[in-house]
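>
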Amino acid sequence: MDRRKNRKKAAFRRKCIQLASALLYNANFAGFASGTIYKGDPKGVCVPGLNCYSCPGAVAACPLGSLQNALSAMPNKLPLYIVGILMLLGLSLGRLICGFLCPFGLIQELLHKIPGKKIKKGQWSRKLSWLKYAVLAVFVVAIPLWYAFTSGYPLPGFCKYICPAGTLEGGIPLVAMREEYRSLAGWLFTWKTGLCAAILLLCVFCYRAFCRFLCPLGAIYSLFSRVALLAFRVDAGKCDGCGLCTRACQMDVAHVGDRECIQCGQCRHICPRGAIYFGWERKQTHESEKTMSDSAADSHSPAGGMPERQ
Amino acid sequence: MTKQRVTQLALAVCGLAFLILGAAQGGYQTTMAKAVRICMECIGIG
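Protein chains in written order, with the working numbering: chain A, 1303 to 1612; chain B, 8 to 53.
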């Protein structure tokens, strides 16, 4: 009973943090009334989560948009600034950013609360989760680089053809508010709006569908999953490999803290042995060597509770 | 020091060095210049 209460409390706390970060990223409330965007100094710095810098409320830059823009400036200028920011964010927080600091993640989670039949995860979704790395390689890296080297024309492939956050936060409000953009909206706007609507609709049935299958920012942060300083971790000394944590998780995790884990921490209150903790130091309770070796063996089972990441 | 700590330290040093070098070569201004204009591609116009 206590575990359920604690889980609800933790979920509520996480929602508050998600909401606060969404408001903080989009604190230029006047922009929504005037249909203009913020032009102050913080716009030269990126927020950690996916948040379009053309949103009327945005007070800082989008990391993905900035990365594509920086890649478009090659070969004259290396994208060191934005790569440095992403490395430091990935190293310090990893996918904790997806779980706590991404406004588009919050939108998807709220949509998933709409009652109805839900699509369950499985081997298919775990395999499909590799798609986001292809999106990262093709739309975020290859297309901007190709255009930069062949024509010198900056083309942010992901922003232009896919990004639902740009359409929802920037495109729809600006086109709705400004006549000059309305008259320019053509096939691309129709495509992006349709794709955005399809993704949002899918999120009603499938938990965080965009994060799991398409988000290249999540793909970047997932590269840091093994080394992120702040993370939910498993105490190998306490874990008996029962796999309750991974079965209860709505993401396609094979074990706590892997590339698909968004560090939401819900598993912490599910674990009957209290083996999952939050922090930056590795812990290993030395209560029983046997338990540790048992859990290590069990970690290879499909249900897969996992001892501490190395 | 464990292998993980060495990797973390290397990433922190590289990240910080990239950030400082990038800022020195005008990365902040490049990001700023893009972010203060409405991005036509992002909103689905251009």
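Virtual Cβ for every residue (Gly too), placed ideally from N, Cα, C.
(1) Name the one or two DSSP bridge partners that G1348 of chain A has.
(2) Locate the beta strand (DSSP E) running through A1256 of chain A, then write down its first and last residues.
(3) Quick check on this structure: which residue in A:S1485, A:C1400, A:F1314 and A:D1537 has the alpha carbon closest to the alpha carbon of G51 of chain B?
(4) Measure from the C-beta of F1491 of chain A to each C-beta in chain B and report whether the shortest distance is under 9 Å.
(5) In angstroms, rounded to a whole number, what distance separates the CA positions of A1363 of chain A and C1573 of chain A?
(6) Between the C-alpha atoms of P1350 of chain A and L23 of chain B, what's the straight-line distance to the nearest angstrom?
(7) Are there 16 or more other CB atoms within 10 angstroms of the CB of P1291 of chain A, so buried, or fewer, so exposed?
(8) Looking at the C-beta of M39 of chain B, does it have a partner C-beta in chain A at a distance below 9 Å?
(9) Cβ closer than 9 Å: which chain B residues qualify as neighbours of T1469 of chain A?
(10) Closer than 7 Å by beta-carbon distance: list the chain B residues that pair up with F1353 of chain A, in chain order.
(11) Counting along the chain, where does the alpha helix (DSSP H) carrying F25 of chain B start and finish?
(12) I'd like to know whether the C-beta of V1506 of chain A is nearer than 9 Å to at least one C-beta of chain B.
(13) By the criterion of Cβ-Cβ separation under 7 Å, what are the contact partners of K1494 of chain A in chain B?
(14) Taking only beta-carbon atoms, is D1625 of chain A less than 9 Å away from chain B?
(15) Just checking my contact of K1379 of chain A with Q32 of chain B at CB under 8 Å: how many whole Å lie between their CB atoms?
(16) Going by beta carbon distance, what residues of the same chain come within less than 7 Å of G53 of chain B, once the five residues before and after it are set aside?
(17) Can you tell me whether V20 of chain B is buried or exposed? The criterion is at least 16 other CB atoms within 10 Å of its CB, across all chains shown.
(18) Please work out which residues of its chain come closer than 8 Å, Cβ to Cβ, to A1521 of chain A, disregarding the five sequence neighbours upstream and downstream, and give them in chain order.
(19) In whole angstroms, give me the CA-to-CA distance for L1373 of chain A and H1571 of chain A.
(20) From G1472 of chain A to F1406 of chain A, what does the alpha carbon distance come to, in whole angstroms?
(21) Tell me which residues of the region 1450 to 1467 of chain A have at least one Cβ-Cβ distance to chain B shorter than 8 Å, keeping chain order.
(22) Once the 5 residues before and after Y1449 of chain A are set aside, which same chain residues still bring their CB inside 6 Å of it?
(23) Just to confirm, is the Cβ distance from Y1383 of chain A to G1367 of chain A under 9 Å?
(24) Quick test of the definition: if touching needs 3 or more C-beta pairs under 8 Å, does the region 1523 to 1535 of chain A touch the region 1389 to 1401 of chain A?
(25) For a cutoff of 9 Å on Cβ pairs, would you count P1518 of chain A as touching chain B?
Here's the rundown:
(1) In the sequence as presented, Gly is not what sits at residue 1348 of chain A; that position holds Cys. Residue pairing by DSSP puts C1348 of chain A in a beta bridge opposite A:A1363.
(2) Outside the displayed range of chain A (1303 to 1612) lies residue 1256 of chain A, so it cannot be described from this structure.
(3) Among A:S1485, A:C1400, A:F1314 and A:D1537, the Cα nearest to that of G51 of chain B is on A:S1485.
(4) So, interface residue.
(5) Within the model, the alpha-carbon separation for A1363 of chain A versus C1573 of chain A is close to 38 Å.
(6) In this structure, the alpha-carbon of P1350 of chain A lies about 16 Å from that of L23 of chain B.
(7) A query on residue 1291 of chain A cannot be resolved here, the shown segment of chain A reaching from 1303 to 1612 and no further.
(8) At least one CB of chain A lies nearer than 9 Å to the CB of M39 of chain B.
(9) Neighbours of T1469 of chain A in chain B, taken as residues whose beta carbon is under 9 Å from its own, are C49, I50 and G51 in chain order.
(10) According to the sequence shown, residue 1353 of chain A is Asn rather than Phe. Neighbours of N1353 of chain A in chain B, taken as residues at a C-beta separation under 7 Å, are lacking, since the least C-beta distance is about 11 Å.
(11) Looking at the DSSP string, the run of the alpha helix (DSSP H) that includes F25 of chain B is K10 to A31.
(12) Cβ-Cβ to chain B under 9 Å: no for V1506 of chain A.
(13) For K1494 of chain A, the neighbours in chain B by C-beta distance under 7 Å run, in chain order, G51.
(14) Any property of residue 1625 of chain A remains undetermined from this structure, which presents chain A solely from 1303 to 1612.
(15) Their Cβ separation, rounded to whole angstroms, is 6 Å, which keeps K1379 of chain A and Q32 of chain B in contact under 8 Å.
(16) Within the same chain, G53 of chain B has close Cβ partners M47.
(17) An exposed status is given to V20 of chain B, since fewer than 16 other beta-carbon atoms sit within 10 Å of its beta-carbon.
(18) Residues of the same chain with a CB within less than 8 Å of the CB of A1521 of chain A, apart from the 5 flanking positions on each side, are K1434, Y1435, V1437 and L1438 in chain order.
(19) The straight-line gap from Cα to Cα measures roughly 42 Å.
(20) Distance from the CA atom of G1472 of chain A to the CA atom of F1406 of chain A, rounded to whole angstroms, is 13 Å.
(21) Those would be L1457, P1458, C1461, K1462 and C1465, in chain order.
(22) Cβ-Cβ distances below 6 Å link Y1449 of chain A to Y1455 and L1457 in the same chain, with the five nearest sequence neighbours on each side left out; the list follows chain order.
(23) Contact: no.
(24) Segment contact: the region 1523 to 1535 of chain A against the region 1389 to 1401 of chain A, three or more CB-CB distances shorter than 8 Å; contact assigned.
(25) Not closer than 9 Å to any Cβ of chain B, the Cβ of P1518 of chain A fails to qualify, so no.
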